[in-house]
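Take a look at the structure set out below.
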Amino acid sequence: MSATGYLLLILCMGVVTYLPRMLPLVTFSRRKLPPWFVEWLELIPPAILSALIAPTLFTQAAPRLFVLGKIELLAALPTLAFALKTRSLAGTVVVGMLCYWGLHYLV
Amino acid sequence: MAQTFDCVKEGMKAAWPICLGYFPIGLSLGVLAQKGGLLPWQVGLMSIVVYAGGSQFIAVAMIGSGASIPAIVTTTFMVNLRHMLMSSALAVHFPGVSRRFLALFAYGLTDESFAVNMVRFNRGDWERQSALTLNQATNFTWFVSTVAGVYVGQFIPSGALGIDYALTGMFICLLVFQLRGPVFVATALMAAFCSVVAYLWLPGNAYVIVASTVAATAGFMLKRSLRHRGGRP
Chain A
1 MSATGYLLLI
11 LCMGVVTYLP
21 RMLPLVTFSR
31 RKLPPWFVEW
41 LELIPPAILS
51 ALIAPTLFTQ
61 AAPRLFVLGK
71 IELLAALPTL
81 AFALKTRSLA
91 GTVVVGMLCY
101 WGLHYLV
Chain B
1 MAQTFDCVKE
11 GMKAAWPICL
21 GYFPIGLSLG
31 VLAQKGGLLP
41 WQVGLMSIVV
51 YAGGSQFIAV
61 AMIGSGASIP
71 AIVTTTFMVN
81 LRHMLMSSAL
91 AVHFPGVSRR
101 FLALFAYGLT
111 DESFAVNMVR
121 FNRGDWERQS
131 ALTLNQATNF
141 TWFVSTVAGV
151 YVGQFIPSGA
161 LGIDYALTGM
171 FICLLVFQLR
181 GPVFVATALM
191 AAFCSVVAYL
201 WLPGNAYVIV
211 ASTVAATAGF
221 MLKRSLRHRG
231 GRP
C-alpha cells in the first residue's frame, strides 16, 4: 500500500471509529431522555461487560467452538470469588493474573 | 488548580489496570504490524487516529493480505459499532457539559475506559476531568506499546506473569461492581448466554451488540413485569 493510500485508510478508519463514539454522547447529553430509555441504558453496562467476557471463557477462536474447562474459565472462578468478597479492582487483576499464570503450569 | 491536579491524579490511579492490560496487547499488535510490513510511524499514527485495538488487529491482517481500503474501513465500522451503546449509556453522566469537552472525551472511549468510567460515575466519586485523564493515559500507553512492539515485541516471552489475563480480570471485577440487584444479575447471565451463542453463529464481533441489546431488553422487561406484580425490582 502506498503512503498516500495508507494515510487515506487511517483517516477513514479514524472517522468511522470516532463518530459512533461521539455522536450519541453529544446528542443525548443535551436532551432529556425518556425514563424508559434511561432504565434500559442502566442495564447496558453489565450486559456489555458480560458479553465481552463470556466468549473468552467459553469458546475458542478459529474455528469458533464452544469449549468447557478453558484455563480462562478456571481462573475466572477464584477471580470472581475474590472480586465479590473484596471489591478491589487492583487485587482482582493481580489475583486473576496469578491464577491464570499458575494454571498454565498445572494444566 | 489544586482541584484539577487531584482529578488528574485520581484519573491516573484508576487507569493503571487498563494500562497494564493494554501493554502486552499493544506489543503484540506492533509485532504483527512489523511482520506485515508496516513502519513504526505508520503503526503509531494508526494508534493515535483510530485507537481501537480489535479493529487495528483486523486492519493489520487485512493490509497484509492485500484487502482494499473500502473493505478495511467497512470492517472497522462494524467492529466499533458497539461503542454507540457505550456512548449513549455514558451520556446521562454529562448533562449540559460543553460540546468541546464531550468531543474530546469521546475520542478515548474504549471498552475498558467505558467500563471503568461508568463504574466510577455510578459510584458518584468521579469528576469528568478524571475520566478524561484516564482516557488520555490509556491512549498514551496504547500508542507507546504498539510502537514499541514494532521494535522489541519479538523479544518478550508470551504469557509472562499471566499478563494476558489482566483485562479479563479487570472486566470480571468491573462486572461485579455493576451487579446492583437481581435484575442486573439476570441481565448479565442472559448477556453471557446470548454472547456465546451469537459468537458461535455470527461472523465478526456483532455478538457484543446483539447480546448486550437482547440482554438489556430482556432485563428491562423483567424489571417492568416485576414492578407490575408489585414485587421489588
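Taken in sequence, the protein lines are chains A and B.
Mapping of the first sequence onto the UniProt record's numbering: position 93 corresponds to residue 93, and the numbering continues sequentially without gaps.
Mapping of the second sequence onto the UniProt record's numbering: position 76 corresponds to residue 76, and the numbering continues sequentially without gaps.
Note that CB positions come from ideal geometry on N, CA and C, so glycine has one too.
Looking only at C-alpha atoms, which of the options sits nearest to residue i?
i: ARG120/B; options: PHE5/B, ASP6/B, GLN3/B and GLY11/B; result: GLY11/B
i: LEU134/B; options: ALA71/B, SER145/B, THR110/B and ARG180/B; result: THR110/B
i: LEU43/A; options: LYS9/B, GLY64/B, ALA61/B and MET118/B; result: MET118/B
i: LEU167/B; options: GLY102/A, MET13/A, ARG31/A and GLU72/A; result: GLU72/A
i: VAL49/B; options: TYR18/A, MET22/A and ARG30/A; result: TYR18/A
i: ARG31/A; options: ILE63/B, PRO95/B and THR76/B; result: PRO95/B
i: MET170/B; options: PHE37/A, SER88/A and SER29/A; result: SER88/A
i: TYR105/A; options: ALA160/B, LEU179/B and THR4/B; result: ALA160/B
i: ALA89/B; options: ALA90/A, VAL67/A, LEU33/A and ALA3/A; result: LEU33/A
i: GLY53/B; options: LYS9/B, THR4/B, HIS93/B and ILE25/B; result: ILE25/B
i: SER47/B; options: GLY181/B, THR141/B and LEU202/B; result: THR141/B
i: ALA188/B; options: LYS13/B, PRO203/B, ALA67/B and ALA218/B; result: ALA218/B
i: GLY69/A; options: LEU57/A, ALA3/A, PRO78/A and LEU80/A; result: LEU57/A
i: PHE5/B; options: ARG128/B, MET86/B and GLY66/B; result: ARG128/B
i: GLY66/B; options: GLY36/B, GLY204/B, PRO203/B and VAL147/B; result: GLY36/B
Is the distance from the Cβ of residue i to the Cβ of residue j below 7 Å?
i: PRO55/A; j: TYR199/B; result: yes
i: GLY149/B; j: VAL31/B; result: yes
i: TYR107/B; j: GLY96/A; result: no
i: LEU45/B; j: SER145/B; result: no
i: ARG215/B; j: ALA47/A; result: For clarity, residue 215/B is Ala in the given sequence; the question names Arg instead. Yes, the pair counts as a contact, with Cβ atoms nearer than the cut-off.
i: TYR6/A; j: GLN34/B; result: no
i: ALA131/B; j: ALA15/B; result: no
i: ALA191/B; j: SER225/B; result: no
i: CYS173/B; j: ALA62/A; result: no
i: ILE72/B; j: ALA61/B; result: no
i: LEU175/B; j: LEU49/A; result: yes
i: PHE23/B; j: TRP40/A; result: no
i: SER55/B; j: VAL79/B; result: yes
i: PRO20/A; j: MET84/B; result: yes
i: VAL16/A; j: THR76/B; result: yes
i: ALA51/A; j: SER113/B; result: no
i: ARG123/B; j: VAL208/B; result: no
i: PHE57/B; j: LEU29/B; result: yes
i: ALA91/B; j: LEU25/A; result: yes
i: ILE69/B; j: LEU11/A; result: no
i: LEU80/A; j: LEU103/A; result: no
i: PRO17/B; j: VAL93/A; result: yes
i: VAL183/B; j: LYS223/B; result: yes
Since residue i meets chain A, which of its residues come closer than 8 Å, beta carbon to beta carbon?
i: LEU161/B; result: MET97 and TRP101
i: VAL196/B; result: ALA54, PRO55, PHE58, THR59 and PHE66
Run through chain B and tell me which residues come within less than 7 Å of residue i, C-beta to C-beta.
i: TYR6/A; result: GLN42
i: ALA90/A; result: PRO17
i: residue 124/A; result: Beyond the ends of chain A as shown, which are 1 and 107, falls residue 124/A; an answer cannot be given.
What residues from chain B crowd round residue i, counting only those whose CB sits closer than 9 Å?
i: ALA81/A; result: In chain order: nothing, as chain B lies at least about 10 Å away.
List the residues of chain A that residue i touches, going by C-beta distances under 7 Å, in chain order.
i: PRO182/B; result: Correct list: empty, because the minimum Cβ distance to chain A is about 12 Å.
i: TYR22/B; result: In chain order: nothing, as chain A lies at least about 13 Å away.
i: ALA71/B; result: Those do not exist, as ALA71/B stays about 10 Å from chain A at its closest Cβ, beyond 7 Å.
i: SER212/B; result: ILE44, ALA47, ILE48 and ALA51
What does residue i reach in chain B if we use C-beta pairs closer than 8 Å?
i: LEU84/A; result: VAL176
i: ALA76/A; result: THR168 and ILE172
By the criterion of Cβ-Cβ separation under 9 Å, what are the contact partners of residue i in chain A?
i: ARG229/B; result: Near ARG229/B there are no residues of chain A at all, since even the closest Cβ is about 17 Å away, more than 9 Å.
i: ALA206/B; result: Neighbours of ALA206/B on chain A: none; closest Cβ ~11 Å, over 9 Å.
Contacting positions in the segment 9 to 35 of chain A - beta carbon closer than 8 Å to chain B: LEU9, ILE10, LEU11, CYS12, MET13, GLY14, VAL16, THR17, TYR18, PRO20, ARG21, MET22, LEU23, PRO24, LEU25, VAL26, THR27, PHE28, SER29, ARG30 and LEU33
Anything in the segment 121 to 151 of chain B with a Cβ closer than 7 Å to a Cβ of chain A? List those residues in chain order, please. none
The segment 24 to 44 of chain B: positions lying closer than 7 Å to chain A by Cβ: GLN42
Taking the runs of the alpha helix (DSSP H) that are 4 residues or longer, which of them lie wholly in the segment 81 to 144 of chain B? 82 to 91, 99 to 107 and 111 to 123
Report the residues of the segment 2 to 16 of chain B with a CB closer than 9 Å to any CB of chain A, ordered along the chain. ALA14 and TRP16
Taking a Cβ distance cut-off of 8 Å, strictly less, list which residues of the segment 44 to 69 of chain B are near chain A, in chain order. LEU45, MET46, VAL49, VAL50, TYR51, ALA52, SER55, ALA59, ILE63 and ILE69
Cβ-based contacts, 8 Å cut-off: residues of the segment 77 to 91 of chain B near chain A: PHE77, ASN80, LEU81, ARG82, HIS83, MET84, LEU85, MET86, SER87, SER88, ALA89, LEU90 and ALA91
Of all the alpha helix (DSSP H) runs that stay within the bounds of the segment 29 to 77 of chain B, which reach a length of 4 or more residues? 40 to 49 and 53 to 64
Contact set between the segment 35 to 47 of chain A and chain B, restricted to residues whose Cβ is under 7 Å from the partner: VAL38, GLU39, TRP40, LEU41, LEU43, ILE44, PRO45, PRO46 and ALA47
Where the segment 216 to 227 of chain B meets chain A: residues whose CB sits under 8 Å from a CB there: ALA216, THR217, GLY219, PHE220 and LYS223
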